Amino acid sequence: MNNINKNQLFWASCLALLVTSLSFGIRAGILGKLGTDFQLTTAELGTITATAFWGFPLAVVIGGFIVDVIGMKKLLVMAFLFHLLGIVLTIFAQGYWTLFISTLLIGIANGTVEAACNPLVATIYSDNKTTKLNHFHLWFPGGIFLGTLIVILFNSLGLSWQIQVAVMIIPTLVYGYLFSKLEFPVTERVASGVSTSTMYKSVTSPLFIFMFICMFGTAITELFTGQWIDVLLKNVTDNAILILTLTTGVMVIGRGLAKPVVHRFSPQGVLLISAILSALGLYLLSTLTGNSIFFAAFIFGLGVCYFWPTMLGFVAENIPKSGALGLNLMGGAGMFAVSVYTIFMGGFYDKLILQKLPEGANEVDYLNATPGSEMADALNLAKNAAGPEILQATLIVPIILTIGFLGLVIYMRSKKTNLIISK
Numbered sequence: 001m002n003n004i005n006k007n008q009l010f011w012a013s014c015l016a017l018l019v020t021s022l023s024f025g026i027r028a029g030i031l032g033k034l035g036t037d038f039q040l041t042t043a044e045l046g047t048i049t050a051t052a053f054w055g056f057p058l059a060v061v062i063g064g065f066i067v068d069v070i071g072m073k074k075l076l077v078m079a080f081l082f083h084l085l086g087i088v089l090t091i092f093a094q095g096y097w098t099l100f101i102s103t104l105l106i107g108i109a110n111g112t113v114e115a116a117c118n119p120l121v122a123t124i125y126s127d128n129k130t131t132k133l134n135h136f137h138l139w140f141p142g143g144i145f146l147g148t149l150i151v152i153l154f155n156s157l158g159l160s161w162q163i164q165v166a167v168m169i170i171p172t173l174v175y176g177y178l179f180s181k182l183e184f185p186v187t188e189r190v191a192s193g194v195s196t197s198t199m200y201k202s203v204t205s206p207l208f209i210f211m212f213i214c215m216f217g218t219a220i221t222e223l224f225t226g227q228w229i230d231v232l233l234k235n236v237t238d239n240a241i242l243i244l245t246l247t248t249g250v251m252v253i254g255r256g257l258a259k260p261v262v263h264r265f266s267p268q269g270v271l272l273i274s275a276i277l278s279a280l281g282l283y284l285l286s287t288l289t290g291n292s293i294f295f296a297a298f299i300f301g302l303g304v305c306y307f308w309p310t311m312l313g314f315v316a317e318n319i320p321k322s323g324a325l326g327l328n329l330m331g332g333a334g335m336f337a338v339s340v341y342t343i344f345m346g347g348f349y350d351k352l353i354l355q356k357l358p359e360g361a362n363e364v365d366y367l368n369a370t371p372g373s374e375m376a377d378a379l380n381l382a383k384n385a386a387g388p389e390i391l392q393a394t395l396i397v398p399i400i401l402t403i404g405f406l407g408l409v410i411y412m413r414s415k416k417t418n419l420i421i422s423k
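If you read the sequence shown in the numbering used here, its first letter stands for residue 1, the second for the next number, and so on.
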């Protein structure tokens, strides 16, 4: 790695992840406006949102299989092109299908970024993987934090959602330029001479399969809640997006302080604590009102803070022979689970709303009701009541994770004890 500039590669990777997270933050803030402008049902909004999560696993899994062959640089050039095309198409969207296609392209770009950057960070910082993956992934909540602030600021200035989306073009052009100029190493698996057959064997081990399944739950807890927070909690504040701003702000600080936390509690210990705090945070978000909702957001932010990077770090450190494929299968599992869950919950949310409308009501008529009318007011009341119920239904996910990660802590402790005894 004599000609490899680790710092420049790391910061260019962070900028690419910033674009990924800006797309989440800005989309979360404009979701309601998209529904109004294009007269979309909640189920249609759920499908559009889920499309980003479909594109991500598609790209990250395919990337996991080919990154060792074509190299990380080519993948990141592809990510740049998909990001640019997806952003431009979103700006000029005309309805459901153009939003669907543009969001899919951005999702593919986001997955391609992770397919290349996760193994890149694990390769250039092979002696400190979990900490550096946390530092890298702080740019995900960091970008969502910035994205929500952009939405709040631009809304106050009366600027359109198209201008808010256009902001992402600037960092996209910068990271595309940087990666085109930098030299890349080969992946850690290739450099260490681990065979492809050994890599495939590693991703079928019981420990990897367990972490793969747990990734479903950690991703749903973090990303579904964050992406839908503005829609689900309009009953507690006129600017529910501020809840996401606070949550992601906590995550940025937490991931920045990952080193002492991970060293003190171990990756599996951090995951257990995260699951407990996430369950508590979701419960509080679904029950508290008024200013106390921001305390709930703080607890939830602490809970989901370390989930994604520590899941990847655990696999990189404890199943290293799984290589880039292992990291990318984990990311793909998380995003795929969120896409399925989002579609399911979008439909469930619509059913809850319909149940809370007057008997025999047609939701489409209510969606097209004149603002301020009796029908529009009834629809808002129904949405306000249904939102917390979605969060309460999601609460089961971190509760199951708590049980699973408690088992992981016990397993890893016994494994360490057996290793000491054998020595």
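Yeah, the Cβ is synthetic: ideal placement off N, Cα and C, and Gly gets one too. Predicted model, so just to flag it, every value in this text is computed and none were measured.
Please state whether DSSP places Asn5 in a helix, a strand or coil.
Walking along the sequence shown from the start, residue 5 turns up at place 5. Asn5 falls in the coil class under three-state DSSP.
Enumerated in chain order, which unbroken segments of the beta strand (DSSP E) with a length of 3 residues or greater are wholly contained in the stretch 311-381?
none
Thinking C-beta only, is Met72 closer than 8 angstroms to Ala116?
For the purposes of this step, residue 116 is identified with residue 116 of the sequence shown, where counting begins at 1. For the purposes of this step, residue 72 is identified with residue 72 of the sequence shown, where counting begins at 1. Contact flag set, yes.
Would you report the Cα separation of Ile91 and Leu157, rounded to the nearest angstrom?
Mapped onto the sequence shown, residue 91 falls at position 91. Mapped onto the sequence shown, residue 157 falls at position 157. So the alpha carbons of these two residues sit roughly 18 angstroms apart.
Start-to-end residues for the alpha helix (DSSP H) that takes in Val68:
The count along the sequence shown starts at 1 and reaches residue 68 at position 68. In the sequence on display, residue 68 carries Asp and not Val. Thr42 to Ile70 is the extent of the alpha helix (DSSP H) around Asp68.
Pairwise C-alpha distance: Asn134 and Ser126
Reading the sequence shown from its first residue, position 126 is the one you call residue 126. Reading the sequence shown from its first residue, position 134 is the one you call residue 134. Roughly 14 angstroms between the two C-alpha positions.
What span of residues does the alpha helix (DSSP H) with Leu153 cover, start to end?
Translated into positions along the sequence shown, residue 153 becomes position 153. First-last of the alpha helix (DSSP H) with Leu153: Trp139 to Ser156.
Take every Cβ of the stretch 218-226, pair it with every Cβ of the stretch 89-105, and state whether three or more of those distances are shorter than 8 angstroms.
no
Extent of the continuous alpha helix (DSSP H) run through Met215
The sequence position of residue 215 within the sequence shown is 215, counting from 1. Pro206 to Ala219 is the span of the alpha helix (DSSP H), which, as asked, contains Met215.
Hey, would you say Trp308 sits closer than 8 angstroms to Glu222, going by beta carbons?
Along the sequence shown, read from residue 1 onward, the residue named residue 308 stands at position 308. Along the sequence shown, read from residue 1 onward, the residue named residue 222 stands at position 222. Yes, the Cβ-Cβ distance between Trp308 and Glu222 is below 8 angstroms.
Cα-Cα separation between Ala378 and Pro358, rounded to whole angstroms:
For the purposes of this step, residue 378 is identified with residue 378 of the sequence shown, where counting begins at 1. For the purposes of this step, residue 358 is identified with residue 358 of the sequence shown, where counting begins at 1. Going by the C-alpha atoms only, they are around 8 angstroms apart.
Assuming the contact rule is C-beta atoms closer than 8 angstroms, Lys356 and Ala376 should be a hit. Round their C-beta distance to whole Å, please.
Against the sequence shown, residue 356 aligns to sequence position 356. Against the sequence shown, residue 376 aligns to sequence position 376. Between Ala376 and Lys356 the Cβ distance is about 14 angstroms, and since that is not below 8 angstroms, they are no contact.
Between the CA atoms of Ala43 and Ile353 - distance to the nearest angstrom
Residue mapping note: residue 353 aligns to position 353 of the sequence shown, counting from 1. Residue mapping note: residue 43 aligns to position 43 of the sequence shown, counting from 1. Approximately 11 angstroms between the Cα atoms of the pair.
Going by alpha carbons, who is nearest to Pro388 out of Pro119, Met345 and Leu271?
The residue given as residue 388 occupies position 388 in the sequence shown. The option with the nearest alpha carbon to Pro388 is Met345.
When the Cα atoms are used, what is the spatial distance from Tyr306 to Ile299?
Indexing the sequence shown from 1 puts residue 306 at position 306. Indexing the sequence shown from 1 puts residue 299 at position 299. Whole-angstrom Cα-Cα distance: 13 angstroms.
Rounded to the nearest angstrom, what separates Ser414 and Gly249 at their Cα positions?
Translated into positions along the sequence shown, residue 414 becomes position 414. Translated into positions along the sequence shown, residue 249 becomes position 249. Each residue's alpha carbon lies about 36 angstroms from the other.
Do the CB positions of Asn118 and Gly331 come within less than 8 angstroms of each other?
Taking the sequence shown and counting its residues from 1, the one referred to as residue 118 is at position 118. Taking the sequence shown and counting its residues from 1, the one referred to as residue 331 is at position 331. The answer is yes: Cβ separation under 8 angstroms.
Can you tell me whether Gly111 is buried or exposed? The criterion is at least 16 other CB atoms within 10 Å of its CB, across all chains shown.
On the sequence shown, residue 111 is found 111 positions in, with the first residue counted as 1. So Gly111 counts as buried.
Between Gly46 and Phe216, which are expected to be in contact by the criterion C-beta below 8 angstroms, what is the C-beta distance as a whole number of angstroms?
Position 46 of the sequence shown, counted from the start, is the residue given in the question as residue 46. Position 216 of the sequence shown, counted from the start, is the residue given in the question as residue 216. No, Gly46 and Phe216 are not in contact; Cβ-Cβ is about 18 angstroms, not under 8 angstroms.
Under a three-way DSSP split, which group does Tyr283 fall into?
Along the sequence shown, read from residue 1 onward, the residue named residue 283 stands at position 283. Looking at Tyr283 - three-state DSSP - the assignment turns out to be helix.
Euclidean distance between Cα positions of Val194 and Phe294
Position 194 of the sequence shown, counted from the start, is the residue given in the question as residue 194. Position 294 of the sequence shown, counted from the start, is the residue given in the question as residue 294. Between Val194 and Phe294, the C-alpha separation is close to 48 angstroms.
Rounded to the nearest angstrom, what separates Asn155 and Thr36 at their Cα positions?
For the purposes of this step, residue 155 is taken as residue 155 along the sequence shown, with counting starting at 1. For the purposes of this step, residue 36 is taken as residue 36 along the sequence shown, with counting starting at 1. Looking at the two C-alpha atoms, the distance is approximately 15 angstroms.
Between Thr131 and Ala258, is the Cβ-Cβ spacing less than 8 angstroms?
Sequence index remark: in the sequence shown, residue 131 carries index 131 (1-based). Sequence index remark: in the sequence shown, residue 258 carries index 258 (1-based). Yes, the pair counts as a contact, with Cβ atoms nearer than the cut-off.
If I'm right that Ser21 touches Ile144 with Cβ under 8 angstroms, what's the distance once you round it to whole angstroms?
Walking along the sequence shown from the start, residue 21 turns up at place 21. Walking along the sequence shown from the start, residue 144 turns up at place 144. At roughly 5 angstroms, the Cβ-Cβ gap stays under 8 angstroms, so Ser21 and Ile144 are in contact.
Counting pairs of beta carbons, one from the stretch 316-328 and one from the stretch 184-202, are three or more of them closer than 8 angstroms?
yes
Looking at the secondary structure, which residues open and close the alpha helix (DSSP H) in which Ala93 lies?
Position 93 of the sequence shown, counted from the first residue, corresponds to residue 93. Element bounds for Ala93: n/a, residue is neither H nor E.
Kindly indicate which three-state DSSP category Asp127 falls into: helix, strand or coil?
Here residue 127 is taken as the residue at index 127 of the sequence shown, counted from 1. Here Asp127 sits in coil by DSSP.
Going by the CB atoms, is the gap between Lys129 and Glu317 shorter than 8 angstroms?
If you number the sequence shown from 1, residue 317 lands on position 317. If you number the sequence shown from 1, residue 129 lands on position 129. For Glu317 and Lys129, yes; Cβs fall inside 8 angstroms.
Using the three-state DSSP reduction, which class does Leu182 fall into: helix, strand or coil?
The sequence position of residue 182 within the sequence shown is 182, counting from 1. In the structure shown, Leu182 sits in coil (DSSP, three-state: anything other than H, G, I, E or B).
At the level of alpha carbons, what is the spacing between Leu288 and Arg27?
What you label residue 288 is simply residue 288 of the sequence shown in a count that begins at 1. What you label residue 27 is simply residue 27 of the sequence shown in a count that begins at 1. Straight-line Cα distance between these residues: approximately 25 angstroms.
Just the Cα atoms here: how many angstroms apart are Gly95 and Leu271?
Taking the sequence shown and counting its residues from 1, one reaches residue 95 at position 95. Taking the sequence shown and counting its residues from 1, one reaches residue 271 at position 271. Taking the straight line joining both Cα atoms gives about 41 angstroms.
Comparing C-alpha positions only, which one of Leu15, Gly176, Val338 and Val252 sits nearest to Pro57?
Indexing the sequence shown from 1 puts residue 57 at position 57. Looking at the Cα atoms, Val338 is the closest of the given residues.
Are the CB atoms of Phe179 and Ala12 nearer to each other than 8 angstroms?
On the sequence shown, position 179 is the one that residue 179 refers to. On the sequence shown, position 12 is the one that residue 12 refers to. It is a contact, given that the beta carbons lie within the stated cut-off.
From Val315, Asn291, Ser286 and Thr218, pick the residue whose C-alpha is nearest to that of Ile273; which is it?
Start at 1 with the first residue of the sequence shown, and residue 273 comes out as number 273. It is Thr218.
What's the gap between the Cα of Met412 and the Cα of Gly281?
In the sequence shown, residue 412 corresponds to position 412, counting from 1. In the sequence shown, residue 281 corresponds to position 281, counting from 1. Rounded to the nearest angstrom, the two C-alpha atoms are 27 angstroms apart.
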